[in-house]
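Chains as they are written, first to last, in my numbering: chain S, 1 to 787; chain Z, 1 to 234.
We put the CB at the ideal spot given by N, CA and C, even for glycine.
Keep in mind it's a predicted model, so treat the numbers as computed, not measured.
Encoded as structure tokens, the structure appears first; notes follow it.
Quick look at the structure:
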């Protein structure tokens, strides 16, 4: 090891506190980039490998009942490589030990050969025998949540007939990576499952022999998906086609898409902040080191070290800091990524996990870390290299202070000398002061940006559950039942109030924009599931007209008063022009609302309902569940309280984790910036401050200058931090918004106040730590030191 | 005796914008191989400027300077670095040791890059510091630190040793020890040595004394008899 290398290592050891403060900030960037980017890549790789191996379809469509011979026409559509027809139905299950009403989606397994698309993966047991009438396989998470094992039996109400089914095995399927029941917000594997049954058994049970109601297509590479969807819609229309759609709208896939989108947003927005702050901190520290080592640089040049060697020497110091930060970041990132993988394992069901962060993510995050440190150190290192040796050997000229109008103002204000010293130092190095304030502002911004999540969640929950959906339970019927049947529902045990609502599949078009939606129609005065208008009032849809959620209106580019083309799906296939009568505040789903009478009129049918919203006497719930298990029309039941509980618990937990991480991050940034700033000030001012002490200033008075400058910068940083924080929060909220949900941007004064308090406290603490060095200052020694 | 350094019309002007300072004004000088020359003069008389230019640390504004047959005034920065690395040893008033390196490591700083250096231990032994090799600068007295600086300068076996006020920061007793080391190096290794000082007492140990005044050479004296550093008092 050369003497210069030894100097490098000793310098690094001597600077450990400052280096650590920078390394920790850099580590945040490395960890977040590694976690978000690494998880993004591994989640996407896992998904695409799963899709590839198990031939996940490209296009999906449902219909009421289509003849099997239609499949020949479907397979002949230009660009279709393979097509699978199957029967899909909903059923109520009676699972031993489960008091709640369990619903399931039943899918047929082809009789002769295995399905060509969406191949399920056997996890345990075996597939049902093709000829068996009472054998089923279920999705593995459902079996696990209900403690069902191959060989166990349970009952199902299939089209009005109670049947005992035997579980032969458990499966996972690329269609159900994210398994969510109809109308639910979160996966609930206890009360919703997927059942695979031999085709003959399903066809017999649901009277679907020679017919199908669900089709999946695999397309040729380069096939035009839009054309195939149009062609498929044409073929299925006469049979109650509900509108074909691509992978992007497949429920499970779109949830993963939105998760990937969020990871991407986080990876793009947050890490650059940390890398930039680290670069600035490195620049600040290196510039001071080079000022302090001026004569050593002169000496190195005098004895014959070249400019390049000197430049590299100082760059390496920055690289060492970056390497420390990178290592810490890799450790923290690996841990975070594992935690995230555990979180995903809760929601996403993959048969195998490729959650191994790939080397690329490590390399990228590390390289960016080293690059940002090198960029930060670059200017100083170049200055060191360019310093003429004769100049380097001479002591530096004292910094030039000039009299400006501010000085005259300070005189006029009769400010004390310490205050003047603080102000003058800020003005003497405006760039450094500005960047320090910017660094602290970013810490405030990170805090503000995260404080918005809990507030947004409160707003989301209060709008979705307290103001809009106030029912205790929702019964889902498949197919729709006549509205008159609502009277029967109202007579069910414990039901205090029942309101009906119809869902009608439709395509909304405006100009070149279109969207497949389920129009919700209800009677005026519905009080359980209410529509909340943009101004916060509960409203009814007007007799003629359509109310749209704000996101849907944005997507269609319509405003109240515009006409929207509504094409009904599911056998009716008529198109009407309907005016948009108002906008609705809705964060979950893309809602479109209509009056039930109006819809029935347009469809020329007696009013029907798809769901019944209920208020239920909690004491009678077990009785209700018991009766519902034998209700053949029922395709699902949503216990709203249970859903709200699980939704809030899950999201709150995630928000808490995130808030903790961001709080730590904000403190690390503040400490990194404030501590380094104060250390550099102390180093530059040691002589001045010691002189003041010799002149009779007390420790407190001298500390005031040191702490005062840091705190003044921290105070100046606050308004900018609030502004930046609001901007980052908006970017995060926008980045998280998808067709599935929207995160409202809710910024509360408390969030801003907390951010400021945390950052000011952390800055004060950092300055006070440095102040302790001031107490230890050896006055005589400092005065002797030659700069 | 050959010539080590030769200057012709050497001029250095510091331009601070408002003020032009002629630190060296048309200096013609020769320094000889193996001699110990003392450059004497008050502060600001141009001695340090001359030494910096001879050592390749600074450029002249006009005029020429040669090291043997090498015209230093025509060299670019990169070539000057190589020149310093291969030929020149420096000793400074404030020692300029790297605080984070021990005595031995400070010397190694030079031996790491020199062409044919002596071992660091040997250089330190030459200045009588073999027992202090593993001490940091902060653990040594001023005289010891300056001797480390001399060891560092001679470790590369330089042809010339340029010393800028080597005793400026030392008391007389330690100063004499340092001068003894310099004379010893000059005698035993035959290294051409130029010592800058404003301390007139030191002139008597030199072969030749060059007097500076206002950026010019005032006069040059040859010492018929030299005295040992121990006989110098100030």
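Listed along the chain, the chain S residues whose CB falls inside 7 Å of the CB of residue 100 of chain Z are 7, 10, 11 and 14.
DSSP links residue 21 of chain Z through a beta bridge to Z:14. Residues of chain S with a Cβ closer than 8 Å to the Cβ of residue 81 of chain Z are, in chain order, 301, 304, 305, 306 and 307. Contact note: residue 388 of chain S reaches chain Z through 57 and 58, using a C-beta cutoff of 8 Å and chain order.
With fewer than 16 neighbouring CB atoms inside 10 Å of its own CB, residue 190 of chain Z falls in the exposed class. The beta strand (DSSP E) runs of length 3 or more contained entirely in the segment 59–123 of chain Z are, from start to end of the chain, 62–67 and 88–91.
In the three-state DSSP reduction, residue 629 of chain S falls in the coil class, being neither helix nor strand. With respect to the 8 Å criterion, residue 476 of chain S and residue 513 of chain S are not classified as neighbours on the basis of their beta carbons. In this structure, the alpha-carbon of residue 325 of chain S lies about 12 Å from that of residue 32 of chain S. Within the segment 357–410 of chain S, no run of beta strand (DSSP E) at least 3 residues long lies entirely inside it.
Contact between the segment 360–372 of chain S and the segment 36–51 of chain S is present, with at least three C-beta pairs closer than 8 Å. For residue 335 of chain S, the uninterrupted alpha helix (DSSP H) run begins and ends at 307–347, by DSSP.
Counting along the chain, the unbroken alpha helix (DSSP H) around residue 50 of chain S starts and ends at 16–53.
The beta-carbon separation of residue 597 of chain S and residue 539 of chain S, rounded to 16 Å, does not stay under the 8 Å limit for a contact. For residue 636 of chain S, the enclosing beta strand (DSSP E) starts and ends at 634–639. Interface annotation for the segment 719–751 of chain S against chain Z: empty, criterion Cβ-Cβ distance under 7 Å. For residue 262 of chain S, the secondary structure class from DSSP, reduced to helix, strand or coil, is helix. Sequence-distant Cβ neighbours of residue 451 of chain S in its own chain, meaning closer than 7 Å and more than five residues away, are 751, 754 and 755. According to the DSSP assignment, residue 508 of chain S belongs to the beta strand (DSSP E) that extends over 495–510.
The Cβ neighbour count for residue 468 of chain S, taken over all protein chains shown within 10 Å, is at least 16; the residue is labelled buried. Burial is judged here by how many other beta carbons sit within 10 angstroms of a residue's own beta carbon; residue 16 of chain Z has fewer than 16 and is exposed. Taken in chain order, the complete alpha helix (DSSP H) segments of 4 or more residues contained in the segment 136–202 of chain Z are 142–154 and 172–189. With a cutoff of 8 Å on beta-carbon distance, residue 317 of chain S and residue 673 of chain S are scored as not near each other. In the three-state scheme derived from DSSP, where H, G and I count as helix and E and B as strand, residue 602 of chain S is classed as helix. Residue 51 of chain Z places its beta carbon less than 8 Å from that of residue 196 of chain Z.
A buried status is given to residue 213 of chain S, since no fewer than 16 other beta-carbon atoms sit within 10 Å of its beta-carbon. Counting along the chain, no beta strand (DSSP E) covers residue 756 of chain S; the unbroken alpha helix (DSSP H) around it starts and ends at 749–775. For the 8 Å CB-CB criterion, residue 203 of chain Z and residue 209 of chain Z form a contact.
Put simply, the segment 296–304 of chain S does not touch the segment 216–227 of chain S. Fewer than three CB pairs are less than 8 Å apart.
Contact of residue 431 of chain S with chain Z is not assigned, every C-beta pair being separated by 8 Å or more.
DSSP places residue 131 of chain Z within a helical segment (H, G or I) once states are collapsed to three. Within chain S, the residues 390 have their CB atoms less than 7 Å from the CB of residue 52 of chain Z, given in chain order. One alpha carbon belongs to residue 668 of chain S, the other to residue 135 of chain S, and they sit about 58 Å apart. Between residue 70 of chain S and residue 86 of chain S, the gap from beta carbon to beta carbon reaches 8 Å or more. Residue contact with chain Z for residue 2 of chain S: present (Cβ-Cβ distance below 8 Å to some residue of chain Z). Residues 588, 643 and 647 of the same chain have their beta carbon placed closer than 7 Å to that of residue 185 of chain S, with the five preceding and five following residues left out of the count.
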